[in-house]
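Trainee: Under this note's numbering, the first residue of the sequence shown is numbered 1, with each subsequent residue one higher.
Built from N, CA and C at the ideal position, the CB exists for glycine as well.
Everything numeric in this text was worked out from a predicted model, so none of it was measured.
Submitted below is the structure of interest, expressed as structure tokens.
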Amino acid sequence: MIALNKIINPENLPYFLSFIYPLLFIWQGLDVSDTGFSLTHYQLIFQEGENFVGFGYALWLTNLIGGLWWHTFGFLGVIGFKLLWVLMILGCFYFSYRILRPYASKSILGWALFITVLAVSNHIGNWFDYNTITSLLYLAGVWALLQGLGLPSRSFLIASGFLLGISVFARLPNIVAISLAAVIVIHGMVVNNPLRVI
1 MIALNKIINP ENLPYFLSFI YPLLFIWQGL DVSDTGFSLT HYQLIFQEGE
51 NFVGFGYALW LTNLIGGLWW HTFGFLGVIG FKLLWVLMIL GCFYFSYRIL
101 RPYASKSILG WALFITVLAV SNHIGNWFDY NTITSLLYLA GVWALLQGLG
151 LPSRSFLIAS GFLLGISVFA RLPNIVAISL AAVIVIHGMV VNNPLRVI
């Protein structure tokens, strides 16, 4: 068994705190405006069918994921959606770490990401909604894009396009993420690739 003092050392402390900190807030109450609005959509997406109109379709992917989570973990109630939020935050943390790791030491990056987790946990709702899925899809898409350009790998570029493309269905204004495709062209021009290769 691994000793706890080997896991929680000064270099790993911010990562440990980043894992624990969001879990502290899932026990707080809820507001009936935004949280209630989101949770109602998640409950109704499979029940209402053709009657599920209006704002619900602008957030189709968010509502689908929320509905699947509700169907599977509905017995957890609001706490279940706060746990889903924690999973999304940890996913964002992971992709942020993977994107930024080449540019900073492990310790400095850990503390910077922990401060980010502090800010996100205190100023944004702590339930699963379109903001958290958008953040996760953007970060995963950017990570895949950077991997695709760095290796180079078409499969990573395709994965990036897929992730950024489906983010539109999480929240309609995410259509601007498609503009990140311009990064591929700009990168090709910077490294002097012929236009047909780009």
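#1: For Leu137 and Tyr15, what's the separation of their Cα atoms in angstroms?
#2: So, for Gln28: in the same chain, excluding its five sequence neighbours on each side, which residues have a beta-carbon less than 6 Å away from its beta-carbon?
#3: Report the option in Val117, Tyr42, Phe162 and Trp143 whose CA atom is closest to the CA atom of Tyr21.
#4: Return yes when the Cβ of Leu139 is within less than 8 Å of the Cβ of Ser167, no when it is not.
#5: Does DSSP classify Ala104 as helix, strand or coil?
#6: So, does the stretch 59-72 touch the stretch 104-113, judging by three or more C-beta pairs under 8 Å?
#7: Considering only C-alpha positions, which residue in the set Phe81, Ser160, Phe162 and Ala170 is nearest to Phe128?
#8: Looking only at its own chain, which residues have a Cβ that is under 6 Å from the Cβ of Leu145, when we skip the five neighbours before and after it?
#9: Return the chain-ordered list of same chain residues with a C-beta closer than 7 Å to the C-beta of Thr134, the five sequence neighbours on each side being excluded.
#10: What separation, rounded to the nearest whole angstrom, lies between the Cα atoms of Asn12 and Tyr94?
#11: Using C-beta distances below 7 Å, list every residue in its chain close to Cys92, excluding the 5 sequence neighbours before and after it, in chain order.
#12: How would you call Asn126, buried or exposed, if buried means at least 16 neighbouring beta carbons within 10 angstroms?
#13: Taking C-alpha atoms, which residue in Ala58, Leu44, Leu59 and Trp60 lies nearest to His71?
Mentor: Put simply:
#1: 21 Å
#2: none
#3: Val117
#4: With respect to Leu139, Ser167 sits apart: the two C-beta atoms are not nearer than 8 Å.
#5: coil
#6: no
#7: Phe81
#8: Ser160
#9: Ser167, Ala170, Arg171 and Asn174
#10: Going by the C-alpha atoms only, they are around 14 Å apart.
#11: Ser135, Leu136 and Leu139
#12: buried
#13: Leu44
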